[in-house]
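A.B. asks:
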Amino acid sequence: MSQYIIGIDLGGTNLKIGLFNTAYTVLEKRVISTATFKTRRDLVNGFVQAVGDIAQQRRIRRNDILGIGIGLPGPVNFEKGIVYSLTNIRGWRDVPLKRILEQKLKIPVFIDNDAKVMSLAEAERGAARGFHHAVCITLGTGVGGGIINNGYLYRGFNNAAGEIGHMPLSVAGDRCNCGGTGCLETFVGNNRIQQDVRRVFGKNVPLEEVSALARKGNRKAREVWNRVGTYLGVAVAAIVNLLNPDCVVIGGGVANAGSVLIDRVKAVVKTRAMKVQAANVKIFKAKLGSDAGLIGSAILVIRGVRS
């Protein structure tokens, strides 16, 4: 009987690989810089190598692996196993990744958008547990989202729903990596926040330090996070009006700013969303932290095998 699951979380910055048992306990975790992989072939081979290394070092037979789940930063067709594109990683267009990896590894593979995978994790085991209509947003190099409807992911007609980071916030604005203009990601993605930090502080300051300074009341640091929280709050207000969720979960590295960011989002939603929709919606920081993508990838396997 298969005892193990391998979860893979690909981000614009890091590739994370985790070995789980079927109770979602992390048995081993590795992190590799995404910059290590220069081409699409490099990245595919990186997946294969990572799985092979874990199996060999843990002395696990491939028959003992129930499946491999992968969260990817871009629109994905879950049913067909096709990666439409990776917004912040070049060289990917309509790639049948599931088929490629299954041929190489002889293990079932399930792929989905990374934010959807994070949403699964938060809905089943994290901050959105017990809620029925949740929207999860992940903030990092890119900005993504997932929509939970009665415990299930809403995927949309082409399995590409949930691209919250590419909601246009402005008719004009900066050009986005997705090809659009004025997307939410261009206002609250890591690159834009770091530009603001340089503008406000006159130098580069790590976002972790900016968060710590804001919690201590530093005016400049609070200015940075208030701006991010305002734009994010406007986007969340639109989501609340449109989808009427009972909770919104905000995760990803940027969410580590904590209450200085979340409280600003709540304040903006209170003033900008319609009263009926805003009255009962709860807005939380994600609970599972940096492991959410890996845990969600493991959940993806269990749900895929059972379906």
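Each residue of the sequence shown is one higher than the last, beginning at 173 in the numbering used here.
Backbone N, C-alpha and C fix where the C-beta goes; we use that ideal spot for every residue, glycine too.
1) With DSSP as the reference, label residue 353 as helix, strand or coil.
2) Do you know how far the Cα of residue 461 is from the Cα of residue 295?
3) Quick check: the segment 390-406 against the segment 320-339, are there 3 or more CB pairs under 8 Å?
4) Taking DSSP as the reference, what is the three-state secondary structure of residue 347?
5) What is the DSSP secondary structure of residue 304, counted as helix, strand or coil?
6) Can you tell which of 314, 315, 313 and 326 has its C-alpha closest to the C-alpha of residue 306?
7) Tell me residue 311's beta-bridge partners as DSSP assigns them.
8) Could you check whether residue 405 and residue 436 sit closer than 8 Å to each other, using their CB atoms as the reference points?
9) Cα separation between residue 420 and residue 251?
10) Across which residues does DSSP place residue 325 in a beta bridge pair?
11) Tell whether a beta-carbon distance below 8 Å holds between residue 256 and residue 246.
12) Just curious, the alpha helix (DSSP H) that residue 432 is in, first and last residue?
13) Do you know how far the Cα of residue 218 is from the Cα of residue 227?
14) Express the C-alpha separation of residue 207 and residue 381 in angstroms, rounding to a whole number.
15) Could you give the distance in angstroms between the alpha-carbon of residue 389 and the alpha-carbon of residue 440?
16) Can you tell me where the alpha helix (DSSP H) with residue 178 in it begins and where it stops?
17) Report the residue ranges of all beta strand (DSSP E) runs contained in full by the segment 226-283; include only those spanning at least 3 residues, in chain order.
18) Residue 426: buried (16+ other C-beta within 10 angstroms of its C-beta) or exposed?
19) Evaluate contact between the segment 315-330 and the segment 287-294, counting only Cβ atoms and requiring at least three cross-stretch pairs below 8 Å.
20) Tell me residue 205's beta-bridge partners as DSSP assigns them.
C.D. replies: From the atom records:
1) For the purposes of this step, residue 353 is identified with residue 181 of the sequence shown, where counting begins at 1. In the structure shown, residue 353 falls within a strand segment according to DSSP collapsed to helix, strand and coil.
2) Position 123 of the sequence shown holds residue 295. Position 289 of the sequence shown holds residue 461. Cα-Cα distance, rounded: 13 Å.
3) The segment 390-406, when compared against the segment 320-339, does not touch it at the 8 Å Cβ threshold.
4) What you label residue 347 is simply residue 175 of the sequence shown in a count that begins at 1. In the three-state reduction of the DSSP assignment, residue 347 falls in the strand class.
5) As a working note, residue 304 is residue 132 in the sequence shown. Three-state DSSP puts residue 304 in coil, outside helix and strand.
6) Your numbering for residue 306 matches position 134 in the sequence shown. Its Cα nearest to that of residue 306, the residue 326 stands out among 314, 315, 313 and 326.
7) By one-based count along the sequence shown, residue 311 stands at place 139. Paired residues: 315.
8) Position 264 of the sequence shown holds residue 436. Position 233 of the sequence shown holds residue 405. Less than 8 Å divides the Cβ of residue 436 from the Cβ of residue 405.
9) For this step, residue 420 is matched to residue 248 along the sequence shown. For this step, residue 251 is matched to residue 79 along the sequence shown. Those two C-alpha atoms are separated by around 26 Å.
10) Taking the sequence shown and counting its residues from 1, one reaches residue 325 at position 153. DSSP lists 320 as partners of residue 325.
11) Reading the sequence shown from its first residue, position 84 is the one you call residue 256. Reading the sequence shown from its first residue, position 74 is the one you call residue 246. In contact: residue 256 and residue 246 (Cβ atoms closer than 8 Å).
12) The residue you call residue 432 lines up with position 260 of the sequence shown. Start and end: 431-444.
13) Stepping through the sequence shown from its first residue, residue 227 is reached at position 55. Stepping through the sequence shown from its first residue, residue 218 is reached at position 46. In this structure, the alpha-carbon of residue 227 lies about 14 Å from that of residue 218.
14) Taking the first residue of the sequence shown as 1, we reach residue 381 at position 209. Taking the first residue of the sequence shown as 1, we reach residue 207 at position 35. Just so you know, the alpha carbons of residue 381 and residue 207 end up roughly 24 Å apart.
15) As a working note, residue 389 is residue 217 in the sequence shown. As a working note, residue 440 is residue 268 in the sequence shown. Cα to Cα, the separation comes out at about 20 Å.
16) To locate residue 178, count along the sequence shown from 1; it is residue 6. For residue 178, there is no enclosing alpha helix (DSSP H); the enclosing beta strand (DSSP E) covers residues 176-182.
17) Those beta strand (DSSP E) runs which fall completely within the segment 226-283 and span 3+ residues are 237-244, 254-257 and 265-267.
18) As a first step, residue 426 is located in the sequence shown; it is residue number 254 there, counting from the start. Residue burial is scored here from C-beta neighbours: residue 426 has at least 16 other C-beta atoms within 10 angstroms and is therefore classed as buried.
19) Pairwise C-beta distances place the segment 315-330 in contact with the segment 287-294, as three or more of them are shorter than 8 Å.
20) Here the question's residue 205 lines up with position 33 in the sequence shown. Beta-bridge analysis with DSSP links residue 205 to 186.
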